[in-house]
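Peer 1: Below are the structure tokens for one structure; questions will follow.
Residue numbers (mature numbering (1 follows the signal peptide of the UniProt record, and there is no 0)): -19 to -1, 1 to 426.
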């Protein structure tokens, strides 16, 4: 059920820098169509096995489950664990040689089963990355079933034509025998290991009809399987996926911090991604993931550690299901090529990780307003929004600038007593408040 609210509120921000005006500005809140949220506090942790250990990554991740869960994680997403190809390889984990075999550098089938069982014992779910669009060139299917692949006019198997991925061969989804072999391989890990679902790579490159068939068959094994699509089109939701990527919001978030768009543009994208979502489905929201971190770290994208934290607050609290990418909690300062093996000390910045955990705790603590009416305020560099449901409300204010600002709290909230969710204390909101560079507040009532 969609909920929309309109309001015009006065929300003034005064920059504490030379030449800034202290005049008030009228700000109009934005229409936000909002689907009913599932009754869930899902938080996904994307684990790149190659940064946990050079060898035996399954065991290393298992040993680290306590720390991963302490961040607020409820779902562990393992990047591709299948045997990777060698022929024409660029060392990508998304180049699959055998769908029913594991990357031996990560461990054995027994090791993976023990990891999944240990996660289940902690009340966490585990989903695997699944690459359905293409295989490696040395996958046995290429020689045994060339008709399972897209071919050129001369009968040669080709790479995906819409992508620059020369290391992989494009599968032909017009071939129903191939489709069934793919579904059989997906069922294998559900029945043999007991995984709880899949994150489906490049889901938009695969026909919706395949996903509808595959997900229906998978859910005969477990009706509660979680299916996350790396894609943005809402038709994927109509064919069985629970979650879609918030791709466009993330791109706009990066652009906003880079000064390439306005806060109003960011809010508009939030609206756009919310429209047309089937009831009970959600967007994955993130400030980084493995693709983005391979280009630049959050520290580089958002103006340092404090900027990265403020961006994480926006991505987590505004809408959707939060994602943490392994290395993000350590405030890893550089780009991270996920093609490479290289252990990272994920405990190197415990204060940063603890702060992320507190934000996730705030996300869960404010679940009573999830799906409620949303008002957003386009005021200078302070991203602010208020969400309400019944007698409950949540006010979030994030200074997205690397400078102190003063702002005038909206009249309807000034003087109100709310709980500072992070500090755990009741606060009477002032008329005017000062926010330090990249500072944020999360209040609830």
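We treat Cβ as the ideally placed atom computed from N, Cα and C, and that holds for glycine.
Values in this document were obtained by computation on a predicted structure and should not be read as measured data.
#1: Compare the C-alpha of residue 392 against each of 375, 381, 404, 413 and name the closest.
#2: Rank 424, 278, 381 by C-alpha distance to the C-alpha of residue 400 and give the top, closest one.
#3: Which runs of the beta strand (DSSP E) fall wholly inside the segment 252 to 330 and span at least 3 residues, in chain order?
#4: State buried or exposed for residue 331, treating a residue as buried only when at least 16 other CB atoms are found within 10 Å of its CB.
#5: Please confirm if the segment 324 to 343 is in contact with the segment 51 to 64, defined as three or more CB-CB distances below 8 Å between the two stretches.
#6: How is residue 8 classed by DSSP in three states: helix, strand or coil?
#7: Taking only the alpha-carbon atoms, compute the straight-line gap between residue 178 and residue 58 and give it to the nearest angstrom.
#8: Closer than 7 Å to a non-hydrogen atom of the ligand HEM - does that hold for the CB of residue 288?
#9: Give the DSSP bridge partners of residue 232, in chain order.
#10: To the nearest angstrom, how far is it from the Cα of residue 168 to the Cα of residue 27?
#11: DSSP on residue 187, reduced to helix/strand/coil?
#12: Along the chain, where does the beta strand (DSSP E) containing residue 375 start, and where does it finish?
#13: For residue 218, which of helix, strand or coil comes out of DSSP?
#14: I'd like the span of the alpha helix (DSSP H) that includes residue 172, first residue to last.
#15: When you compare only the Cα positions, how much space is there between residue 40 and residue 199?
#16: Short check: CB of residue 428 to CB of residue 291, under 8 Å?
#17: For the segment 205 to 221 against the segment 256 to 274, do three or more pairs of beta-carbon atoms, one drawn from each stretch, fall closer than 8 Å, so that the two count as touching?
#18: Are the beta-carbon atoms belonging to residue 419 and residue 383 less than 8 Å from one another?
#19: For residue 416 and residue 297, what's the separation of their Cα atoms in angstroms?
#20: Roughly how many angstroms separate the alpha carbons of residue 229 and residue 159, rounded to a whole number?
#21: Can you give the Cα-Cα distance for residue 11 and residue 375, rounded to whole angstroms?
#22: Threshold first: 3 residues or longer. Then list the beta strand (DSSP E) segments lying entirely within the segment 36 to 78, N to C.
#23: Just to check my reading of the structure: residue 29 and residue 307 have Cβ atoms closer than 8 Å, yes? What is that Cβ distance to the nearest angstrom?
#24: Look up residue 182 in the DSSP assignment and give the residues it is bridged to.
#25: For residue 407, which three-state DSSP category applies?
#26: Enumerate in chain order the residues of its own chain whose CB-to-CB distance from residue 211 is below 7 Å, with the five nearest sequence positions on each side excluded.
#27: Could you tell me if residue 207 is buried or exposed, where buried requires 16 or more neighbouring beta carbons within 10 angstroms of its beta carbon?
#28: Residue 33: buried (16+ other C-beta within 10 angstroms of its C-beta) or exposed?
#29: Given a cut-off of 8 Å on the beta-carbon distance, is the pair residue 77 and residue 66 in contact?
#30: With a threshold of 7 Å on Cβ separation, who are the neighbours of residue 286 within its own chain once the five nearest residues in sequence on each side are excluded?
#31: With 16 as the cutoff for other CB atoms within 10 Å, does residue 309 come out buried or exposed?
#32: Pop quiz: residue 248 and residue 357 are said to be a contact at Cβ under 8 Å. What is the actual Cβ separation, rounded to whole angstroms?
#33: Any idea what DSSP makes of residue 17, helix, strand or coil?
#34: Run the CB neighbour count on residue 110, radius 10 Å, all protein chains shown included, and call it buried at 16 or more, exposed below.
#35: What are the boundary residues of the beta strand (DSSP E) that includes residue 354?
#36: Taking only the alpha-carbon atoms, compute the straight-line gap between residue 204 and residue 145 and give it to the nearest angstrom.
Peer 2: Per the coordinate set shown:
#1: As a position in the chain shown, residue 392 is number 411, starting the count at 1. Taking only the C-alpha atoms, the option nearest residue 392 is 413.
#2: Counting from 1 along the chain shown, the entry for residue 400 is found at position 419. Minimum Cα distance to residue 400 is reached at 424.
#3: 263 to 266, 302 to 306
#4: Along the chain shown, one-based indexing puts residue 331 at 350. When all chains shown are included, residue 331 counts as exposed.
#5: yes
#6: Reading the chain shown from its first residue, position 27 is the one you call residue 8. Because the pLDDT at residue 8 is just 34, under 50, the model does not fix this residue reliably, and the value given afterwards should be weighed accordingly. Of the three classes helix, strand and coil, the one that applies to residue 8 here is strand, per DSSP.
#7: Along the chain shown, read from residue 1 onward, the residue named residue 178 stands at position 197. Along the chain shown, read from residue 1 onward, the residue named residue 58 stands at position 77. Cα to Cα, residue 178 sits roughly 9 Å from residue 58.
#8: The ligand HEM is absent from the structure shown, which contains no ligand whatsoever.
#9: Position 251 of the chain shown, counting from 1, holds the residue named residue 232. Per DSSP, none; premise fails for residue 232.
#10: Residue numbering aside, residue 168 sits at position 187 when the chain shown is read from its first letter. Residue numbering aside, residue 27 sits at position 46 when the chain shown is read from its first letter. So the two alpha carbons sit approximately 22 Å from each other.
#11: For the purposes of this step, residue 187 is taken as residue 206 along the chain shown, with counting starting at 1. Note: residue 187 maps to coil in three-state DSSP.
#12: Locating residue 375 in the chain shown gives position 394, where the first residue counts as 1. It spans 373 to 380 - the beta strand (DSSP E) in which residue 375 sits, taken as one unbroken run.
#13: Locating residue 218 in the chain shown gives position 237, where the first residue counts as 1. Three-state DSSP puts residue 218 in a helix.
#14: As a working note, residue 172 is residue 191 in the chain shown. That run of the alpha helix (DSSP H) goes 157 to 174.
#15: Residue mapping note: residue 40 aligns to position 59 of the chain shown, counting from 1. Residue mapping note: residue 199 aligns to position 218 of the chain shown, counting from 1. Each residue's alpha carbon lies about 27 Å from the other.
#16: No statement about residue 428 is possible, as the shown extent of the chain runs from -19 to 426 and does not include it.
#17: yes
#18: Within the chain shown, the letter at position 438 stands for residue 419. Within the chain shown, the letter at position 402 stands for residue 383. Yes. Within cutoff.
#19: Sequence index remark: in the chain shown, residue 416 carries index 435 (1-based). Sequence index remark: in the chain shown, residue 297 carries index 316 (1-based). Near 20 Å, if we compare the C-alpha coordinates of residue 297 and residue 416.
#20: On the chain shown, residue 229 is found 248 positions in, with the first residue counted as 1. On the chain shown, residue 159 is found 178 positions in, with the first residue counted as 1. Rounded to whole angstroms, residue 229 and residue 159 show a C-alpha spacing of 32 Å.
#21: Position 30 of the chain shown holds residue 11. Position 394 of the chain shown holds residue 375. With a pLDDT of 32 at residue 11, under the threshold of 50, the modelled position of that residue is not reliable, and the figure given next carries that caveat. Spanning the two alpha carbons is a distance of roughly 17 Å.
#22: 56 to 59, 63 to 65
#23: Taking the first residue of the chain shown as position 1, residue 29 is located at position 48. Taking the first residue of the chain shown as position 1, residue 307 is located at position 326. About 5 Å; that satisfies the 8 Å criterion.
#24: Along the chain shown, read from residue 1 onward, the residue named residue 182 stands at position 201. Bridge partners of residue 182: 112.
#25: The residue you call residue 407 lines up with position 426 of the chain shown. Strand, per DSSP.
#26: As a position in the chain shown, residue 211 is number 230, starting the count at 1. 180, 181, 182, 183, 184, 226.
#27: Residue 207 sits at position 226 when you count from the first residue of the chain shown. Buried, by the Cβ-count rule.
#28: Counted from its first residue, the chain shown places residue 33 at position 52. A residue is called buried once 16 or more other Cβ atoms fall within 10 Å of its Cβ, and residue 33 is buried on that count.
#29: Residue 77 sits at position 96 when you count from the first residue of the chain shown. Residue 66 sits at position 85 when you count from the first residue of the chain shown. Contact: yes.
#30: By 1-based counting over the chain shown, the position of residue 286 is 305. So the qualifying residues of the chain are 280, 312, 333.
#31: Stepping through the chain shown from its first residue, residue 309 is reached at position 328. Buried is the call here.
#32: Taking the chain shown and counting its residues from 1, one reaches residue 248 at position 267. Taking the chain shown and counting its residues from 1, one reaches residue 357 at position 376. Indeed, because the Cβ distance is near 5 Å, the residues count as touching under 8 Å.
#33: The sequence position of residue 17 within the chain shown is 36, counting from 1. Reliability fails at residue 17, whose pLDDT of 35 lies under 50, so the model's placement of it is uncertain and no value is given.
#34: Start at 1 with the first residue of the chain shown, and residue 110 comes out as number 129. Answer is buried; the Cβ neighbour count reaches 16.
#35: Residue 354 sits at position 373 when you count from the first residue of the chain shown. From DSSP, the beta strand (DSSP E) with residue 354 extends over 354 to 360.
#36: Here residue 204 is taken as the residue at index 223 of the chain shown, counted from 1. Here residue 145 is taken as the residue at index 164 of the chain shown, counted from 1. Straight-line Cα distance between these residues: approximately 36 Å.
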